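Worksheet: one structure, shown below.
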Amino acid sequence: MINDVTFGQYYPAKSFVHNMDPRAKIVFVIAYIVAVFLAKNFFGLAAVTLFLIFIVFLARVPFGSVLRSVKMILFLIIFSAILNLFFYSSNDELHMLWQWKFIRISWEAIINMIFISLRLFLLVMGTSVLMLTTMPVALTDGIESLLTPLKWIRFPVHELALIMSIALRFIPTLTDETNRIIAAQKARGADFETGGLIKRAKAMIPVLVPLLVSAFRRAQDLGDAMEARCYSGAKGRTKYKKLVFTWRDLLGLLVLGGLITGVVFLNIYFGGKFDIINYFL
Amino acid sequence: MEAVKFENVNFSYREDGRDLALRGVNLSIEEGQFVAVLGRNGSGKSTLAKLVNVLLTPLSGKVTVFGMDTSDEKMTFEIRKNAGMVFQNPDNQTVASIVEDDVAFGPENIGVPREEIGKRIEFALDAVGMQEFRQSTPTRLSGGQKQRVAIAGVLAIMPKIMILDESTAMLDPKGRREVMDVIKKLNKERGMTVILITHFMDEALQADRAVVMHRGEIVMDGAPEEIFARSDELEMYNLTLPRAAYICKVLQEAGMPVGNAFTAEELAEGICGSLRKD
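Quick note, the sequences are listed as chains A and B, same order.
For any residue, its number in our numbering is found by taking its place in the first sequence, counting from 1, and adding 71.
For any residue, its number in our numbering is found by taking its place in the second sequence, counting from 1, and adding 256.
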């Protein structure tokens with residue numbers, strides 16, 4: 072049965088990827104990021120890209136929604152691309168294209184810019200597949216389970232997971248509340264649409280203050296309700312939902328191990344990213 | 257057996273113990289009783305409820321739940337297992353994003369084994385008629401449904417006493433009826449002790465016993481019909497009669513020979529009867 076938890080980016084569908092254990096998926100994404108950073112040349116990145124396309128296809132999520140996630144950090148990518156283009160300094164000055172005072176553009180800088188931008192694209196798209204195919208609740212369960220070893224050094228794993236899941240649970244409630252307060256302030260003549268940035272930011276104060284006050288009141292109520300339901304921390308607590316590691320997860324991790332090995336081999340065979348210059352120049 | 261007993265209980269929200277919220281309260285509730293606690297805002301009725309569930313402990317006097325003293329810290333957990341509490345705002349008492357996870361929260365806290373929790377979720381959702389919403393998100397439910405989930409969350413702990421602290425106050429009439437039906441069923445079929453704190457007089461009519469509080473003191477205590485018959489006294493405590501009872505009283509004062517009625521049905525019969533005589 073598909074749950075109707077749709078806040079966040081979750082895209083409900085039935086697929087191999089959706090059915091994977093959230094823990095496996097988190098480990099999977101971390102390993103994927105490692106693969107992205109391990110790749111030293113464009114062949115490695117191409118392998119990772121093909122792999123990502125395969126995963127998106129397997130997850131039955133629309134490519135559009137994966138691409139949309141890049142939109143949010145597009146500014147960051149462009150910014151880093153420009154910095155890399157103008158201020159990349161290589162020891163090898165052979166392929167200089169243009170120079171003005173301290174700003175220099177070389178073939179190396181252009182390649183480096185493309186490489187780093189691609190890397191960022193792959194990074195964001197990979198993590199967005201995780202967000203698209205995993206419910207936030209499952210994600211917090213997965214994080215809690217993965218962090219369990221930290222209990223040894225008395226890290227409050229259970230508390231952290233509970234805080235995360237309560238935060239998730241209150242997102243829609245507080246969104247509703249914000250809209251209600253905005254409507255109430257508008258009814259009293261507040262103006263949120265006109266004026267410059269500073270004026271608009273100031274207009275939000277009468278929204279944020281009541282929101283904060285009510286959030287504190289809710290927190291007090293929730294604390295009472297939790298205590299009334301016998302909550303007393305992690306001690307002596309059982310857990311109803313159990314995560315199950317299946318053949319799917321094993322298969323996924325094996326495939327990913329293959330990807331990392333492949334990327335390493337491609338590194339060895341084709342050398343660094345700048346070797347490409349020698350082919351063309 | 258006595259489910260809840262208050263002996264000379266005083267309580268104050270202030271550190272220095274002044275401005276008593278409860279003064280010399282004596283109350284004893286038998287197991288299986290359905291008690292409605294009435295009173296205007298600030299009369300101390302919510303304080304009374306929180307004292308039973310050990311969210312508060314008395315300044316002086318003694319509160320016992322099935323013989324366990326609430327001032328004894330070692331007993332807190334055991335008392336809370338026996339006395340569940342449902343609060344006013346359904347939005348502020350759900351911890352999880354999915355109904356079954358929320359119902360599981362209580363049993364998880366008291367260390368119920370996994371398989372047993374599944375059974376308890378089934379039982380609790382069944383008792384409140386929310387079985388089909390097991391996988392839903394609480395924020396998408398109606399007020400009455402949310403509050404029924406909250407009741408299920410308490411039921412899953414399997415308490416013997418259910419305290420409802422104005423749990424119907426924020427609901428629309430339909431939601432209120434849904435919740436009241438569930439509570440009545442729990443009381444009649446499972447013999448659960450119910451302490452219903454409310455300012456809706458019609459709800460009090462469904463109880464076995466009504467307790468009226470005013471300025472931290474219990475001022476009236478008896479069967480609801482008996483309490484509502486003393487309408488002048490109720491007015492003194494800023495409480496109104498149930499609607500049917502009010503209409504009945506006005507009719508009587510205007511000279512119509514109707515007998516005392518509290519519900520719409522009783523009133524209709526009374527009016528019919530008085531008309532037939534003519």
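All residues carry an ideal CB built from backbone N, CA and C; glycine is no exception.
This structure is a prediction, so every number in the text was calculated from the model and none was measured.
Burial state of residue i (16 or more Cβ within 10 Å)
i        : result
Asp75/A  : Note that Asp75/A scores 40 on pLDDT, short of 50, meaning its location in the model is unreliable; the coordinates nonetheless yield the value given after this. Classification of Asp75/A: exposed, given that the 10 Å Cβ count is below 16.
Val315/A : exposed
Gln291/A : exposed
Asn282/B : exposed
Ser540/B : Any question about residue 540/B goes unanswered here, given that chain B covers just 257 to 534.
Pro369/B : exposed
Glu422/B : buried
Met457/B : buried
Asn365/B : buried
Ile234/A : exposed
Pro498/B : buried
Ile269/A : exposed
Lys318/B : exposed
Glu434/B : buried
Ala305/A : exposed
Beta carbon proximity, residue i to chain B, threshold 8 Å
i        : result
Leu109/A : no
Gly307/A : yes
Val208/A : yes
Glu298/A : yes
Val76/A  : The predicted position of Val76/A is uncertain, since its pLDDT is 40 and thus under 50; no value can be drawn from it.
Tyr82/A  : no
Met72/A  : Unreliable placement is indicated for Met72/A, whose pLDDT of 31 sits below 50; no coordinate value is reported for it.
Thr265/A : no
Asp92/A  : no
Pro227/A : no
Ser401/A : Any property of residue 401/A remains undetermined from this structure, which presents chain A solely from 72 to 352.
Leu116/A : no
Arg131/A : no
Supposed contact pair residue j and residue i - C-beta distance, whole angstroms, cut 8 Å
i        : j        : result
Ile126/A : Val195/A : Their Cβ separation, rounded to whole angstroms, is 14 Å, which puts Ile126/A and Val195/A out of contact at 8 Å.
Leu231/A : Val208/A : About 15 Å; that fails the 8 Å criterion.
Pro243/A : Thr395/B : 4 Å
Gly558/B : Gly431/B : This structure cannot speak to residue 558/B, because chain B is shown only from 257 to 534.
Val119/A : Ala130/A : 16 Å between Cβ atoms; not a contact.
Ala277/B : Val321/B : That belief does not hold up - the Cβ atoms of Ala277/B and Val321/B are roughly 19 Å apart, past 8 Å.
Proximity test, Cβ basis, 8 Å: residue i and chain A
i        : result
Gln349/B : yes
Asp357/B : yes
Arg370/B : yes
Thr496/B : no
Ser353/B : yes
Val384/B : no
Asn365/B : yes
Gly362/B : yes
Ile451/B : no
Ile439/B : no
Ile285/B : no
Neighbourhood of residue i by C-beta distance below 6 Å, restricted to the same chain and skipping five residues each side
i        : result
Ile483/B : Ala466 and Met476
Val342/B : Ala406, Ile407, Val410, Leu420 and Ser423
Thr211/A : Ala232, Met235 and Ser236
Ser327/B : Thr313
Ile73/A  : Bear in mind that the predicted position of Ile73/A carries a pLDDT of just 34, short of 50, making it too unreliable to give a figure here.
Asn494/B : Arg296
Met167/A : Ser177
Phe341/A : Asn112 and Phe114
Leu442/B : Met448
Proximal residues to residue i (C-beta, below 7 Å), its chain only, five neighbours per side dropped
i        : result
Ala380/B : Val359, Ala408, Leu411 and Ala412
Asn90/A  : Arg319
Lys306/B : Leu312
Ala520/B : Ala500
Gly526/B : Cys504, Val514, Gly515 and Ala517
Phe122/A : Leu330
Pro93/A  : Thr205, Ala209, Leu210, Asp212, Gly213 and Leu314
Leu141/A : Looking at the sequence itself, residue 141/A is Val, so the reference to Leu does not match. If we look at Val141/A and ignore the five residues flanking it on each side, its Cβ neighbours are Phe192, Val195 and Met196.
Leu427/B : Gly399, Gly400, Gln403 and Val435
Asp325/B : Lys318 and Met331
Ser487/B : Leu497 and Lys505
Cβ shell of residue i (< 8 Å), same chain only, five flanking positions each side left out
i        : result
Ala274/A : Ala261, Asp262, Phe263 and Gly266
Phe226/A : Leu218
Contacts of residue i in chain E (Cβ-Cβ under 8 Å)
i        : result
Leu239/A : This model lacks chain E altogether; the protein chains it does include are A and B.
Contact list for the stretch 304 to 337 of chain A against chain B, Cβ threshold 8 Å: Gly307, Arg308, Thr309, Lys310, Tyr311, Lys312 and Lys313
Contact set between the stretch 325 to 349 of chain B and chain A, restricted to residues whose Cβ is under 9 Å from the partner: Thr332, Phe333, Arg336, Lys337, Ala339, Gly340, Met341, Val342, Phe343, Gln344, Asn345, Asp347, Asn348 and Gln349
Interface positions of the stretch 393 to 427 of chain B facing chain A (Cβ-Cβ less than 7 Å), listed along the chain: Thr393, Thr395, Arg396, Gly409, Val410 and Ile413
Contacting positions in the stretch 306 to 324 of chain B - beta carbon closer than 7 Å to chain A: Asn309 and Leu311
Residues in the stretch 287 to 301 of chain B having any Cβ partner in chain A nearer than 8 Å: none
Chain B contacts from the stretch 243 to 276 of chain A (Cβ-Cβ distance under 7 Å): Pro243 and Thr244
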